[in-house]
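Residue numbers (this note's numbering): 9 to 304.
The beta-carbon is built from N, C-alpha and C at its ideal position, and this holds for glycine as well.
For reference, the structure is listed below as structure tokens.
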């Protein structure tokens with residue numbers, strides 16, 4: 009970690025996003041704090057959500073597209089008995105059903121059925137584009153939007169608490185899932201399986217890949233002393249690593265194909281020279297390794 013950077017510093021900043029802020033709002037604040045326009049984020053968090061938002065500064069923005077491929081962890085509260093137009097607490101309630109005495113066995117069976125490799129229909133208020141326009145924009149304009157199901161992986165979906173009420177039941181859950189999974193859609197679908205409807209009441213992202221809340225600072229904390237994970241540490245925290253010989257490092261600096269190298273992992277691998285400097289992301293292709301992105 010480094011202290012207050014200049015506009016030339018490259019690295020990641022992990023923010024504990026507050027409720028009510030869009031991801032774009034946080035990027036705007038970070039541009040001012042970091043003194044550069046080159047700031048991006050690795051995956052949008054809805055305004056109502058809080059928790060880990062990974063930002064890239066300068067050269068580290070090129071890492072962000074690869075960070076979106078890693079798994080993410082969430083804590084959430086789902087309210088059963090009410091369906092909303094947005095599948096979360098910010099939307100208008102469109103249907104209600106008595107859900108004050110949900111059978112816990114049926115609940116856990118519903119959750120188990122939404123765990124693993126599943127086909128998920130994203131929430132209609134997602135940022136997915138439909139004929140060039142964001143789905144959420146079409147919904148807010150009064151248009152009915154039906155999105156196509158897509159494969160996602162929900163490796164963990166566990167109920168940690170059940171709190172029955174008079175007409176609704178709130179359940180706390182922990183979710184570990186692949187990028188592209190909508191926890192709002194999981195809330196909707198649990199309610200649908202149980203026949204009572206459901207929506208997301210609270211969402212907190214606790215981890216993006218190897219970056220958790222333990223590394224995150226609030227905006228106020230970053231305002232006092234901006235904490236930046238430098239490029240090499242960021243690569244070590246996010247990817248499998250591979251140490252190069254000096255000859256290999258020379259080739260990698262020019263983005264050349266490496267022959268006779270086994271990176272030993274699927275997906276991008278972070279390559280380091282003998283001095284420990286991060287050089288590039290490479291991917292194994294048969295008996296060769298090829299550049300995904302070179303950072304020097």
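- Counting only the Cα atoms, residue 270 lies some 15 Å from residue 257.
- Residue pairing by DSSP places residue 290 opposite 277 and 299 in a beta bridge.
- In the three-state reduction of the DSSP assignment, residue 27 falls in the coil class.
- Here the stretch 80–93 makes contact with the stretch 214–223; the two share three or more CB pairs at distances below 8 Å.
- Rounded to the nearest whole angstrom, the CA to CA distance from residue 166 to residue 182 is 5 Å.
- Between the alpha carbons of residue 102 and residue 206 lies a distance of about 11 Å.
- In the structure shown, the three-state DSSP call for residue 97 is coil.
- Residue 40 counts as exposed, since fewer than 16 other beta carbons sit within 10 angstroms of its beta carbon.
- For residue 157, the CB contacts under 8 Å within the same chain, skipping 5 residues up- and downstream, are 127, 128 and 129 in chain order.
- Residue ranges of uninterrupted beta strand (DSSP E) with 3 or more members, entirely inside the stretch 219–281 and ordered along the chain, are 248–251 and 277–280.
- Non-local C-beta neighbours of residue 108 in its own chain, meaning closer than 8 Å and more than five positions away in sequence, comprise 89, 172, 173, 174, 175, 176 and 177, ordered along the chain.
- Uninterrupted alpha helix (DSSP H) stretches at least 4 residues long and entirely within the stretch 155–211 occur at 191–202, given in chain order.
- In the displayed model, residue 81 falls within a strand according to three-state DSSP.
- For residue 71, the enclosing alpha helix (DSSP H) stretches over residues 69–75.
- Residue pairing by DSSP places residue 32 in no beta bridge whatsoever.
- In the structure shown, the three-state DSSP call for residue 125 is strand.
- Of 266, 288 and 304, the smallest CA-CA separation from residue 276 is found for 288.
- The continuous stretches of beta strand (DSSP E) do not include residue 53, and DSSP gives it neither H nor E.
- For residue 21, DSSP records a beta bridge to 63.
- Here residue 25 is buried. Its C-beta has 16 or more other C-beta atoms within 10 Å.
- With a beta-carbon spacing of about 13 Å, residue 168 and residue 184 fall beyond the 8 Å limit used to define contacts.
- Taking C-beta atoms as the reference points, residue 188 and residue 162 fail to come closer than 8 Å.
- Boundaries of the beta strand (DSSP E) around residue 91: 90–92.
- Cβ atoms of residue 221 and residue 64 stay farther apart than 8 Å, at about 19 Å.
- Distance from the CA atom of residue 44 to the CA atom of residue 295, rounded to whole angstroms, is 40 Å.
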